[in-house]
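S.K.: Residues 4 to 295 (this note's numbering) are what the sequence shown spells out, left to right. Glycine is no exception: its CB is placed at the ideal position from the N, C-alpha and C atoms. Keep in mind it's a predicted model, so treat the numbers as computed, not measured.
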Amino acid sequence: MFRIQLYLYSVLTAMWIFQYEPLMAAKNVSSATSLQVLTFVQLIVIGSILLYSGILERSKHRNSVIRGTLILRIIISALLFIVEFPTVFIVGFLIYQVGAVGCDIFYESLLLEEASKKRLDFGKYRMFGSLGYATSGFLVSGFLFLEFEVPILLILSVVINFILLFLNLKTPFSSRSSVEQGYDKKKMKLPLSALVFIFCCAVVTTLPGSFGYLFNGYLREQFSLPLQHVTLYVSVAVFIGSCISEVSAFYVVDRLIRKIGAKQVLFIGFLASIIRWALAIVSPNAVSFVAT
4 MFRIQLYLYS VLTAMWIFQY EPLMAAKNVS SATSLQVLTF VQLIVIGSIL
54 LYSGILERSK HRNSVIRGTL ILRIIISALL FIVEFPTVFI VGFLIYQVGA
104 VGCDIFYESL LLEEASKKRL DFGKYRMFGS LGYATSGFLV SGFLFLEFEV
154 PILLILSVVI NFILLFLNLK TPFSSRSSVE QGYDKKKMKL PLSALVFIFC
204 CAVVTTLPGS FGYLFNGYLR EQFSLPLQHV TLYVSVAVFI GSCISEVSAF
254 YVVDRLIRKI GAKQVLFIGF LASIIRWALA IVSPNAVSFV AT
């Protein structure tokens, strides 16, 4: 059940990120306004991470938190499908992010804790998250090629969140909080070099996701592609990035770290990221851009 939940969570996350621009356009939100909204989305992401991490450490009612956010997501998704006013849509979209981003991180943290407690291989669970992220675009492309309008994705969001709510009711997490497991609560101070290194890692890993909000719009404006073709290109790009690379990484990277060391693997990752974005900048067409 946890694998299915992680898969569906990731489908939703990718759908809301990579279909951001089409959803805004479908609700008559201008490109300039959608960029401004995106700034607020990033601030909400940061705030939600801090909020939910605090809840994760202190609350014994973790399942109630998850169910509450899922109910919020269901209600907001339904309302966003109905509303026609751009301002109301923007407000609802931002509220959805409060119940989405933090909940996703909260859920994945609990899954890691649950897997550790039961001595399960977290990588093989997390792999289903990558599969969800990778295949979400093809699901969206299927709806668009069947000539459904973009707002139908909001109904899909309602359905998936309902399924997640049902699965959590059927297979809840244990109510014991991580604080009760006897770990040393003393705060450990990290040196500045370690903090800078962690920040650089965060930039490398989150930059693709942040760009994902603009991916559709960039392809449409830069290469003059219709929405259906753009969605398919994005689907292929996400599939390559998430399925082929991430899923294989769960089987390869762990062995590679043991063989050559973590620092060397991280250096390879940084170098590959620099090359990837450099190639993306000079890409002459949509195919080569997607290939990066």
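By how many angstroms is the C-alpha of residue 69 removed from the C-alpha of residue 55?
M.R.: 10 Å
S.K.: Could you say if the stretch 130-140 and the stretch 68-83 meet the contact criterion of at least three C-beta pairs nearer than 8 Å?
M.R.: no
S.K.: Excluding the 5 residues preceding and the 5 following residue 13 in the sequence, name in chain order all residues of the same chain whose CB lies nearer than 6 Å to its CB.
M.R.: For residue 13, same chain residues with a beta-carbon under 6 Å away, outside a window of 5 residues either side, are 132, 135, 136 in chain order.
S.K.: Along the chain, which unbroken stretches of the alpha helix (DSSP H) at least 4 residues long are found entirely within the stretch 21-51?
M.R.: 23-29
S.K.: My output table needs one value for residue 121: the three-state DSSP class, helix, strand or coil.
M.R.: coil
S.K.: Could you check where the alpha helix (DSSP H) with residue 233 kicks off and where it finishes?
M.R.: 230-241
S.K.: Compute the distance between the beta-carbons of residue 89 and residue 36, then report whether it is under 9 Å.
M.R.: Yes, they are a contact pair.
S.K.: Out of curiosity, what's the CA-to-CA distance linking residue 95 and residue 19?
M.R.: If I take the Cα positions, the gap works out to 13 Å.
S.K.: Sorted by chain position, which residues of the same chain lie with C-beta nearer than 6 Å to residue 235's C-beta, five sequence neighbours on each side aside?
M.R.: Contacts found: 144.
S.K.: Straight-line CA distance for residue 112 to residue 52?
M.R.: Rounded to whole angstroms, residue 112 and residue 52 show a C-alpha spacing of 11 Å.
S.K.: Checking 9 Å against the spacing of the C-beta atoms, do residue 67 and residue 120 come in under that value?
M.R.: no
S.K.: Within the same chain, show all residues whose beta-carbon is closer than 6 Å to that of residue 260, passing over the 5 residues directly before and after it, in chain order.
M.R.: The residues are 268.
S.K.: Taking 6 Å as the limit between beta carbons, can you name the residues of its chain near residue 16, skipping five residues before and five after?
M.R.: 107
S.K.: Whole angstroms is fine: what's the gap from residue 288's alpha carbon to residue 265's?
M.R.: 36 Å
S.K.: In the DSSP assignment, the alpha helix (DSSP H) including residue 159 goes from what residue to what residue?
M.R.: If you look at residue 159, you'll find it in the alpha helix (DSSP H) that goes 155-173.
S.K.: Taking the alpha-carbon positions, what's the residue 115 to residue 227 distance?
M.R.: 43 Å
S.K.: CA-CA distance, residue 292 and residue 109?
M.R.: 33 Å
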